[in-house]
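Novice:
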Amino acid sequence: MVNLFRTHIILAAAAAFGAMPVAADEVADFYKGKTVNFMVGYTPGGGYDTYTRLLANSLGKHIPGNPDVIVTNMPGGGSMKAANYTYNVAPKDGAYLGVFSLPIALEPLLGRKNAKFEALKFGWLGNMFRDTHSCVAWHKSNIKTLQDVIDSKEPVVFGATSAGSYGNMHARVLQAMVGANIKIVLGYRGIKGVGKALQQGEITAACAMAVSSLKSSFRSLKDSGQFRVIVQFGKEKHPFLDNATQFYSMLKNPDDVRVADFFFSQSEIARPVAAPPGIPAARLAALRTAFADALKDPALLARAKRIGIDVIYETPERVEAALTALHATPPDVLAKVKKIMGRK
């Protein structure tokens with residue numbers, strides 16, 4: 002009787018321990034011979050594209066089954082098109098990933114009707130970098146500081162990609178909160194398109210110039226002084242952004258700080274990666290582990306160093322916590338945010 006009891010325990014233990022490799026094998030069997038498609042919501046050459054291609058080079062070897070990983074671009078609406086596609090159209094089998102901006106992920110919160118998704122239902126893999134944003138002016142203009150924009154008798158023309166972009170959002174913040182005299186022109190294709198417009202004299206200045214974008218897309222223009230940083234939006238001064246005016250130093254009351262926090266805390270989740278909602282739990286777990294391992298991979302870090310960009314891994318829980326906190330913004334603060342963005 003005792004031996005029979007022991008036999009049952011041994012069999013039960015074997016079954017329990019055997020379940021784990023079986024699950025892992027199922028994930029590997031799914032990915033073996035497959036291609037994982039990384040869809041970036043921006044044009045090639047910008048910060049999002051650069052980071053995604055860096056990750057894609059290492060991700061496949063960390064996913065069970067070692068699938069190929071390719072990057073494609075779906076620009077439109079400041080990455081709104083990619084966010085909608087990832088949520089509603091993309092296969093929910095674990096072979097598709099989307100990269101779009103955190104401001105776009107928050108558009109449903111701000112009442113944007115063409116944002117057809119719920120941010121907290123994406124399968125977030127994590128974040129590739131904590132960023133700080135800034136605005137720059139072209140060196141041939143007479144704009145040397147943010148105060149020059151505030152004091153300008155004629156509106157200073159800023160360029161941006163779309164209504165939901167960092168470029169539009171941050172320029173509107175400058176208009177509303179410190180009285181900057183700005184005219185915003187929308188419709189440029191990606192941050193590289195904005196940069197080209199600056200160089201061609203179509204616009205005088207632009208926001209959405211994150212540290213990661215300046216390093217990955219405009220390093221020579223910034224280092225040569227052709228891109229002149231006029232304001233930075235971090236709570237602490239960033240050494241790469243020179244001595245540009247620190248926006249938070251201009252705020253005089255706690256309500257203004259809370260409104261600014263809504264806009265600029267988003268930069269801390271600067272390069273998030275999402276899977277469509279509803280993919281199998283074991284595959285999502287495997288993708289999250291692969292994402293974390295890839296961003297710590299010495300080969301990836303060496304490539305990042307060669308191209309002059311920084312990588313900072315953040316967990317999916319950190320992304321979800323940031324989104325949850327932003328969704329819990331008090332109604333009075335959210336009303337001010339909507340007013341700045343021209344939303345009802």
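Numbering follows the working numbering, in which position 146 of the sequence shown is assigned residue number 147; successive positions increment by one, without gaps. Note that the Cβ used here is the ideal one computed from N, Cα and C, for glycine as well.
Between the C-alpha atoms of Lys197 and Ala283, what's the straight-line distance to the nearest angstrom?
Specialist: Taking the straight line from one Cα to the other gives about 44 Å.
Novice: Could you check whether Met129 and Val274 sit closer than 9 Å to each other, using their CB atoms as the reference points?
Specialist: Cβ distance < 9 Å, so Val274 and Met129 count as in contact.
Novice: CB-CB under 6 Å to Gln200, same chain, minus the five flanking residues each way: which ones, in chain order?
Specialist: If we look at Gln200 and ignore the five residues flanking it on each side, it has no Cβ neighbours.
Novice: Measure the alpha-carbon distance for Glu269 versus Thr133 and round it to whole angstroms.
Specialist: The straight-line gap from Cα to Cα measures roughly 7 Å.
Novice: Count the other CB atoms, across all protein chains shown, that sit within 10 Å of the CB of Pro299; report buried if there are 16 or more and exposed otherwise.
Specialist: By the 10 Å Cβ count, Pro299 comes out exposed.
Novice: Let me check understanding here. Comparing Cα to Cα, which of Glu155, Gly78 and Val37 lies closest to Pro92?
Specialist: Closest by alpha carbon: Val37.
Novice: Which two residues bound the contiguous alpha helix (DSSP H) that contains Ser218?
Specialist: Element bounds for Ser218: Val212 to Ser218.
Novice: Looking at Phe219: is its Cβ nearer than 9 Å to the Cβ of Phe228?
Specialist: Contact: yes.
Novice: Return the chain-ordered list of same chain residues with a C-beta closer than 6 Å to the C-beta of Asn85, the five sequence neighbours on each side being excluded.
Specialist: Taken in chain order, the residues that qualify are Lys117.
Novice: What residue range is occupied by the uninterrupted beta strand (DSSP E) comprising Met40?
Specialist: Where Met40 is concerned, the enclosing beta strand (DSSP E) stretches over Thr36 to Val41.
Novice: Going by DSSP, which residues form a beta bridge with Ser135?
Specialist: Gln233, per the DSSP bridge assignment.
Novice: For Arg259, I'd like the list of residues in its chain whose CB is within less than 6 Å of its CB, leaving aside the five on either flank, ordered along the chain.
Specialist: The residues are Val334.
Novice: Alpha carbon to alpha carbon, how far is Ala161 from Arg272? Give it in angstroms, no decimals.
Specialist: Spanning the two alpha carbons is a distance of roughly 19 Å.
Novice: Please return the same chain residues whose Cβ sits closer than 7 Å to the Cβ of Arg54, not counting the five positions on each side in sequence.
Specialist: So the qualifying residues of the chain are Val72.
Novice: Near Ser142, what residues of its chain come up, given a Cβ to Cβ distance below 7 Å and the 5 sequence neighbours on each side ignored?
Specialist: Answer for Ser142: Thr205, listed in chain order.
Novice: Using only CA atoms, which one of Ala211, Ala322, Ala261 and Leu301 lies nearest to Lys339?
Specialist: Nearest of Ala211, Ala322, Ala261 and Leu301 to Lys339, Cα basis: Ala261.
Novice: Quickly, what does DSSP pair Asp69 with across the bridge? List them, please.
Specialist: DSSP lists Thr36 as partners of Asp69.
Novice: Taking the continuous beta strand (DSSP E) assigned at Pro273, which residues delimit it?
Specialist: Unbroken beta strand (DSSP E) run through Pro273: Pro273 to Ala276.
Novice: Give the straight-line distance between the Cα atoms of Gly19 and Glu27, rounded to the nearest whole angstrom.
Specialist: Interpretation of Gly19 is limited by its pLDDT of 47, a score under 50 that renders its predicted location unreliable; no figure is taken from the coordinates.
Novice: Based on the DSSP secondary-structure assignment, which residues constitute the bridge partners of Gly160?
Specialist: Its beta-bridge partners are Val186 and Ala207.
Novice: How many Å lie between Lys345 and Gly79 at the Cα?
Specialist: If I take the Cα positions, the gap works out to 20 Å.
Novice: Beta-carbon within less than 7 Å of Ala329's beta-carbon, same chain only, minus the 5 sequence neighbours each way: which residues are those?
Specialist: Contacts found: none.
Novice: Buried or exposed: where does Pro65 fall if 16 or more other Cβ atoms within 10 Å of its Cβ makes it buried?
Specialist: By the neighbour-count rule (16 or more Cβ atoms within 10 Å), Pro65 is buried.
Novice: Whose C-beta lies closer than 7 Å to the C-beta of Ala182 among residues of the same chain, with five residues either side of it excluded?
Specialist: Residue identity check: residue 182 is Asn in the sequence provided, not Ala. Within the same chain, Asn182 has close Cβ partners Val150, Ile151, Ser153, Pro156 and Val157.
Novice: How would you label Arg289, buried or exposed, when you count the other beta carbons within 10 angstroms and need 16 or more for buried?
Specialist: By the neighbour-count rule (16 or more Cβ atoms within 10 Å), Arg289 is buried.
Novice: Below 8 Å, can you find three or more Cβ-Cβ pairs linking the stretch 235–250 to the stretch 304–318?
Specialist: The stretch 235–250, when compared against the stretch 304–318, does not touch it at the 8 Å Cβ threshold.
Novice: Is the Cβ-Cβ distance between Gly124 and Ile280 less than 9 Å?
Specialist: Yes.
Novice: Mind checking Leu103: buried by the 16 CB within 10 Å criterion, or exposed?
Specialist: Burial call: buried.
Novice: Going by the beta-carbon positions, is the gap between Leu324 and Leu121 smaller than 9 Å?
Specialist: Yes, the Cβ-Cβ distance between Leu324 and Leu121 is below 9 Å.
Novice: In this structure, how does DSSP classify Gln267 when only helix, strand and coil are distinguished?
Specialist: Helix, per DSSP.
Novice: Expressed to the nearest angstrom, what Euclidean distance is found between the alpha-carbon atoms of Ala83 and Pro76?
Specialist: About 7 Å.
Novice: I'd like to know whether the C-beta atoms of Ser59 and Leu301 end up nearer to each other than 9 Å.
Specialist: Going by C-beta atoms, Ser59 is nearer than 9 Å to Leu301.
Novice: When burial is assigned at 16 or more other CB atoms within 10 Å of the CB, is Asp50 buried or exposed?
Specialist: Result: buried.
Novice: In chain order, what residues of the same chain have a beta carbon less than 7 Å from the beta carbon of Ala291, not counting five sequence neighbours either side?
Specialist: For Ala291, where only same-chain residues beyond five positions count, the Cβ hits under 7 Å are Leu60, His63 and Ile64.
Novice: Mapping the DSSP letters down to three states, classify Thr87 as helix, strand or coil.
Specialist: It is helical.
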